[in-house]
Structure formats: structure tokens, C-alpha cells
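Undergrad: Below is one structure. I have some questions about it.
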DNA sequence: CCAGTGATGTCATTAAGTGACATCATTATA
DNA sequence: TATAATGATGTCACTTAATGACATCACTGG
């Protein structure tokens, strides 16, 4: 028998998103999250750098996944193609099972400026990481950064569609569609 | 004789940027800023929504300026042309006089993640405003948002150059150069 | 059996941010 | 002229985020 209940982080996450959805991010205190998770506020801050991070701390995993996918794309693939591979690979995180959670999370973030700030910097960090990976493939600047930023724009649009109310398609299908639209746009 | 010394906001701004540059953003308390400005912390929060805003509260003016310039571009001008007009107009804010302040401010923001977050959301807000103005000119989505985002990317790059160490050119010259590079890039 | 480890709890403290109320020179108005 | 309204500021009390220091205690390896 373990000394503590396992999955402290998961419990914090679950408690936090429930409370944020119920009464809003600002109205929720860290103490309340901790109480619902059966832990203390001090422990919350041992797992998350600050109150917002409870909604974002998986992002390093997603970034690693995408950067690896980009790096492993065929050497001959042009920049946007490699970025596309990364965007598709992100689908590992966005399957049907996690869609309800993703929806709740997205709604909470959209409703609060502080949380939108945090999301923006996470996306900027991701963009920088993709650009770095592109440069390691021999893509020069500013093409690397431009391709990365464009990719993140597509990602944002596709993700927003995926968590949208009346959307039935899967994330990968939507991403591929968005990429096709982008290519059509730039082919003008 | 006025009852209070005038320009409370300016004094707060000056005191804040000095202290941020001297000891760093996190090490500076609002009480210290207020003391240097000859006021109290409570008054600081009457002028700025939070500690970071002391570095950003001019942004509505810049946004209004740019949106107006975009709206007043020739009706026949394509999207990117209208955006370019807005970028150039922003130069009203970035003359040689304000360059020292802009440099200090930029260095402070780059050194702190919280401040970068705030900057990102301000730029995102600006981008959304430009996209809205483009739609009012009859530009459809997603072209409006794409043109706006591209414009903001150019703005960021040009601004970073302008505040750069060994840069001698003026902001407008740099922006025009960046726009020319962008056009060359997309002409491939 | 015991020392070390590691996740947690407890307590104290700093600083951001807000609400309530007081102050008082300027301005408008009777 | 006298007085009332205004508005920027100060003071005080309070909540909450965040952090450091130290204690606890089950588990683990020797």
C-alpha cells in the first residue's frame, strides 16, 4: 500500500478544472483546489509553478512529440511538409477520449485573460522549438520561423475547430483539411 | 497651483522602468515604484490594473492609430498594402526621441516571462483589431486574419531591429525593408 | 533494525490586488 | 460669499498567491 494516494497531479488537475468550470478561474482559490484534491495548497505549488500551470503542465510532452516528429520527417521534405508532420503527430494527444476534457479546458481558458496569456506564451515557445528543429534540418531564417509560425496558426485554428460545439470530425482530419486550405491560399 | 503634482502616470512609468532596469522586474515592489514616484501603492493600482500594465498602458493609443491608418488606406489597396500603411503609421510612436525609452522597456520585457506574456496578448489583441478593420474593408476570412498576423510578425521583427544595439536606421525605414523582404519571400 | 529518501503537512512571511472610508483643494452652484 | 459636489489621493484592513524553513512519517536499501 502506498503511503499517499497516487496521482496527486491528476487529482489537482481534475479538481481545478471542475472548480474553474463551476465558479470561474478567479473565484477559485488554490486552497479550494487542494481541498477537493485531498491535499494542501503548499503541495499544489510543489507540483505546479503557479495557479495557471495546472492547466498547462502537459505542454512539454506535446512539444517533445511534435519536435521529434518534425525531426523524423523525410530529409527531402520541404519546411511546411515537416511542420505538417508535427501537427498531425500532435493528434496523439487529441483523441476522442480526451475531447471532453479538452473542451472544458478550452472554454475555461477562453473565458479568462490570464489564462489566454499563458496559452499564448506556450504556443510561442512551441513555435520557437519548431523553428529550431527546422533550422537543424538546414532550413534558414526567416523561412524556419515563418513556417513554424504558420504551422502554429494552423494548429490553433484546427484545435479550435476540433473542440467546437458541432464538430464531429477527428483532430487529424481537421488538421489535414486546414493545411489543404492554407496551401490553396498561398497558391494564389 | 495644482493640488497634486501633475502626470502621476508618467512618474509611475518612469520610476517603474528605472527600478526594473536597476534591480529587475520581480525584485521591484509596487510600493518601491510608488515611493520613487512620490505616491502610494494604492494610487498605483488606480492608474494601472496590475503591476505589468505600467509598461503597456499606452497600447490602446497605438492600436487606435494603426486601425485608423488601415481604415484610411485607399479603398483599392489590397489587404497587405493596408496593413503596411498601419505598420508605417505606428512610426509616430517610435521616433528617435522615444528610442532610449523603447530600448530600456524592450530589454526589461525580454528579461521576464510574465512581461513577455503580457506583450504577447497585447500583440494578439492588436492583430485581432487589424483583422476586424480588414473585414470592414470587405476582406473575407481567413485572408483578413492571415494578413493581420503576418503584419504583426513583420512589426515584431522590425521593432526588434529598431531597438537593436547597432541599429542606426529609423523605424519606418526598417519596416519598409521588412515588408519588402516579406514580399520577396512570398513571391518565390 | 536503522539511516536515508521523498512526498507531504504546518507555519510564517512577503507582496499583489481590492474594498471601504477619510481627506481636502478645486469647482460648480445657490 | 457660502456651501455642496467632485475627484485624486491617502489610510487601513483584508484576501490570496507564492515561497522558505522545518517537521512528519511511511517506505527502501543495507
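Chains as they are written, first to last, in my numbering: chain V, 832 to 1019; chain D, 832 to 1019.
Using N, Cα and C, we set each Cβ at its ideal position, and we do this for glycine too.
In this text the structure is predicted, and so the values were computed from the model without any measurement.
Check the Cβ-Cβ distances between residue 984 of chain V and every residue of chain D, and say whether any is below 8 Å.
TA: Reading the first chain from its first residue, position 153 is the one you call residue 984 of chain V. It does; some Cβ of chain D falls within 8 Å.
Undergrad: With a threshold of 8 Å between beta carbons, is residue 955 of chain D in contact with chain V?
TA: Numbered from 1 along the second chain, position 124 holds the residue referred to as residue 955 of chain D. It does: the Cβ of residue 955 of chain D has a partner Cβ on chain V nearer than 8 Å.
Undergrad: Let me know if residue 891 of chain D comes out buried or exposed under the rule of 16 or more other beta-carbons within 10 Å of its beta-carbon.
TA: Counted from its first residue, the second chain places residue 891 of chain D at position 60. Exposed, by the Cβ-count rule.
Undergrad: For the region 942 to 953 of chain D, which residues have a CB atom closer than 9 Å to at least one CB atom of chain V, in sequence order?
TA: Listed in sequence order: 944, 945, 947, 948, 949, 951 and 952.
Undergrad: I believe residue 900 of chain D touches residue 965 of chain D by the beta-carbon criterion, under 8 Å. Please report the beta-carbon distance rounded to the nearest angstrom.
TA: Mapped onto the second chain, residue 900 of chain D falls at position 69. Mapped onto the second chain, residue 965 of chain D falls at position 134. About 12 Å; that fails the 8 Å criterion.
Undergrad: Do the CB positions of residue 1013 of chain V and residue 985 of chain V come within less than 8 Å of each other?
TA: Looking up residue 1013 of chain V in the first chain gives position 182. Looking up residue 985 of chain V in the first chain gives position 154. Cβ atoms of residue 1013 of chain V and residue 985 of chain V: closer than 8 Å.
Undergrad: With 16 other CB atoms within 10 Å as the buried threshold, where does residue 916 of chain V fall?
TA: Counting from one through the first chain, the residue named residue 916 of chain V turns up at place 85. Per the 10 Å Cβ criterion, buried.
Undergrad: Among D/870, D/963 and D/845, whose alpha-carbon lies nearest the alpha-carbon of residue 894 of chain D?
TA: For the purposes of this step, residue 894 of chain D is taken as the residue at position 63 of the second chain. Checked all of D/870, D/963 and D/845; the closest Cα to residue 894 of chain D is D/963.
Undergrad: Taking only three categories from DSSP, how would you classify residue 879 of chain D?
TA: The residue given as residue 879 of chain D occupies position 48 in the second chain. Coil, per DSSP.
Undergrad: Kindly say whether residue 980 of chain D, judged by its beta-carbon, lies nearer than 8 Å to any beta-carbon of chain V.
TA: Here residue 980 of chain D refers to the residue found at position 149 of the second chain. Closer than 8 Å to some Cβ of chain V, the Cβ of residue 980 of chain D qualifies, so yes.
Undergrad: Can you have a look at residue 932 of chain D and say buried or exposed, based on whether 16 or more other CB atoms are within 10 angstroms of its CB?
TA: For the purposes of this step, residue 932 of chain D is taken as the residue at position 101 of the second chain. Per the 10 Å Cβ criterion, exposed.
Undergrad: Exposed or buried, residue 859 of chain D, counting other C-beta atoms within 10 Å across all chains shown (16 or more means buried)?
TA: Counting from one through the second chain, the residue named residue 859 of chain D turns up at place 28. Label assigned to residue 859 of chain D: buried.
Undergrad: In chain order, what residues of the same chain have a beta carbon less than 6 Å from the beta carbon of residue 976 of chain D, not counting five sequence neighbours either side?
TA: Walking along the second chain from the start, residue 976 of chain D turns up at place 145. These residues qualify, in order along the chain: 962.
Undergrad: Whose CA, out of D/857, D/988, D/944 and D/838, lies closest to the CA of residue 1028 of chain D?
TA: Not covered by the structure: residue 1028 of chain D. The range shown for chain D is 832 to 1019.
Undergrad: For the alpha helix (DSSP H) holding residue 851 of chain V, just list the boundary residues, first then last.
TA: Looking up residue 851 of chain V in the first chain gives position 20. Segment 839 to 854, the alpha helix (DSSP H) holding residue 851 of chain V.
Undergrad: Looking only at C-alpha atoms, which of V/1007, V/970 and V/841 sits nearest to residue 908 of chain V?
TA: Sequence index remark: in the first chain, residue 908 of chain V carries index 77 (1-based). Comparing Cα-Cα distances from residue 908 of chain V to each of V/1007, V/970 and V/841, the minimum goes to V/970.
Undergrad: Which value, in whole angstroms, describes the spacing of the CA atoms of residue 867 of chain V and residue 946 of chain V?
TA: Translated into positions along the first chain, residue 867 of chain V becomes position 36. Translated into positions along the first chain, residue 946 of chain V becomes position 115. In a straight line, the C-alpha of residue 867 of chain V is about 21 Å away from that of residue 946 of chain V.
Undergrad: Given this structure, state the Cα-to-Cα distance separating residue 896 of chain V from residue 1002 of chain V, to the nearest angstrom.
TA: Working through the first chain from its first residue, we reach residue 896 of chain V at position 65. Working through the first chain from its first residue, we reach residue 1002 of chain V at position 171. So the two alpha carbons sit approximately 16 Å from each other.
Undergrad: Determine the direct distance from the alpha carbon of residue 921 of chain V to that of residue 830 of chain V, and round the result to whole angstroms.
TA: Absent from the structure is residue 830 of chain V, since the part of chain V shown begins at 832 and ends at 1019.
Undergrad: Tell me the rounded alpha-carbon separation between residue 875 of chain V and residue 1009 of chain D.
TA: Position 44 of the first chain, counting from 1, holds the residue named residue 875 of chain V. Position 178 of the second chain, counting from 1, holds the residue named residue 1009 of chain D. Cα to Cα, the separation comes out at about 46 Å.
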